[in-house]
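In terms of full-length UniProt numbering, the sequence shown has 84 at position 84, counting the first letter as 1, and numbering is strictly consecutive. Idealized CB from N, CA, C, for every residue including glycine.
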Amino acid sequence: MQDTPLTASPLSNDDSLLLAVFLAAVVHVAILLGINFKAPQPPKINKSIEITLSHAPLKKAPKQAKYLAPDHQLGAGEDNQKPEPLKQSLPTPQTPPTPIAKVEPQKIPAPQQKKQTPQKILTQTNAPVKIATPIKPVDENIEEENTAERPKLTAEDLQQQIAQLGEKIRNTRPSTEQSKIKFVKSVSTHKYLAAQYVKDWEDKVERTGNLNYPTAASKSGASQTLTMDVGINADGSIYSMRIVRSSGNPALDEAAKHIVKMSAPFAELPVELLKEVNVLVVTRVWKFSDETGMTAR
Numbered sequence: 001m002q003d004t005p006l007t008a009s010p011l012s013n014d015d016s017l018l019l020a021v022f023l024a025a026v027v028h029v030a031i032l033l034g035i036n037f038k039a040p041q042p043p044k045i046n047k048s049i050e051i052t053l054s055h056a057p058l059k060k061a062p063k064q065a066k067y068l069a070p071d072h073q074l075g076a077g078e079d080n081q082k083p084e085p086l087k088q089s090l091p092t093p094q095t096p097p098t099p100i101a102k103v104e105p106q107k108i109p110a111p112q113q114k115k116q117t118p119q120k121i122l123t124q125t126n127a128p129v130k131i132a133t134p135i136k137p138v139d140e141n142i143e144e145e146n147t148a149e150r151p152k153l154t155a156e157d158l159q160q161q162i163a164q165l166g167e168k169i170r171n172t173r174p175s176t177e178q179s180k181i182k183f184v185k186s187v188s189t190h191k192y193l194a195a196q197y198v199k200d201w202e203d204k205v206e207r208t209g210n211l212n213y214p215t216a217a218s219k220s221g222a223s224q225t226l227t228m229d230v231g232i233n234a235d236g237s238i239y240s241m242r243i244v245r246s247s248g249n250p251a252l253d254e255a256a257k258h259i260v261k262m263s264a265p266f267a268e269l270p271v272e273l274l275k276e277v278n279v280l281v282v283t284r285v286w287k288f289s290d291e292t293g294m295t296a297r
């Protein structure tokens, strides 16, 4: 008999697949075992710890003190050698606040009563004791000086003081009527009525002044001027007259006022103008000249 040679049988598809899976598993296991997984370590932080040494003072002082210290303290340890003092100065302990001692009110000693000298008083039975107080003599010279310093106030002086006080009150507190006193330039709503009224007023004053030309103006020869305010009431009567700038001649100033009085009463203020003013003040420059006569413009 002849021996038949052994031949390798071809691998089937299933066997080759199992072999490939086995090899892949071996490779993965080797890779996993060769790789080490470690968590990242946090960086080291150097932390410094502050240590404060506090010394607790003793109530009793040691028998033999070797060093000077603000408080009583005892050393500790078994070393017989003296420790070297620290080069670094330790912070001084805070001294506790000293308690405030209660201040007791001092007792004020009662004033010693002076020994009164016994007074001899004559008394009778069932009669009340009366002590007469000394009467101080009145100095007549002082009373005469006081009466001489006080001036005697007569009835005329009293009336004069009352009149002055009333005038001050009127000047400081103007009434409602005085609050509606306006100059011609201050009239706003009815300015045309005020202008026409003042024109008629000027014509009347000039006519009266030229008919009664003052002698004080004719004596001087040269022309003279003055400025005067004239207040006119609602009925045309004169409310006030005031020399704003004098001519330098008091007689001429009085003559100008006299001309205004002779020209009064003037025409009544227009009804529509009374809605705005109660007294209309006219300011004009009065000129006295031998050539042109008297003008108030």
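CA-to-CA distance, residue j to residue i, given in whole angstroms
i: P174; j: E291; result: Here P174 scores only 49 on pLDDT, less than 50, and its place in the model should not be relied on; the value that follows carries that caveat. Looking at the two C-alpha atoms, the distance is approximately 44 Å.
i: M228; j: I243; result: 4 Å
i: A24; j: L33; result: 14 Å
i: N212; j: A195; result: 26 Å
i: G293; j: S186; result: 30 Å
i: A216; j: N249; result: 8 Å
i: A20; j: V27; result: 11 Å
i: K191; j: V184; result: 8 Å
i: L158; j: H258; result: 33 Å
i: residue 298; j: K219; result: Not covered by the structure: residue 298. The range shown for the chain is 1 to 297.
i: N13; j: V29; result: 25 Å
i: P43; j: I31; result: 30 Å
i: L153; j: A163; result: 15 Å
i: Y197; j: A251; result: 29 Å
i: D15; j: I35; result: 31 Å
i: Q41; j: F22; result: 38 Å
Sub-9 Å separation of residue i and residue j beta-carbons
i: S237; j: P265; result: yes
i: S263; j: K204; result: yes
i: T189; j: E268; result: no
i: L280; j: G231; result: yes
i: W201; j: V285; result: no
i: S223; j: K182; result: no
i: T295; j: E156; result: no
Own chain, CB closer than 7 Å to residue i, minus 5 neighbours either side, in chain order
i: L193; result: P270, E272 and L273
i: N278; result: E177, K180, I181 and A234
i: residue 332; result: Since the first residue shown for the chain is 1 and the last is 297, residue 332 is missing from the structure and cannot be characterised.
i: A256; result: L226, M228 and W286
i: Q161; result: none
i: L122; result: Residue confidence for L122 is low, a pLDDT of 47 falling below 50, so the modelled location carries little weight; the figure read from the coordinates is stated next. Taken in chain order, the list of residues that qualify is empty.
Beta-carbon proximity list for residue i, same chain, < 6 Å, skipping 5 on both sides
i: K168; result: none
i: L18; result: none
Nearest candidate by alpha-carbon position, reference residue i, set the options
i: R297; options: K199, S218 and V26; result: K199
i: V260; options: I31, K219 and P214; result: P214
- Item | Whole alpha helix (DSSP H) elements within the stretch 202-248, 4-residue minimum | 215-220
query = What are the complete alpha helix (DSSP H) segments, minimum 4 residues, inside the stretch 256-290?
reply = As far as the stretch 256-290 is concerned, its whole alpha helix (DSSP H) runs of at least 4 residues are 271-274.
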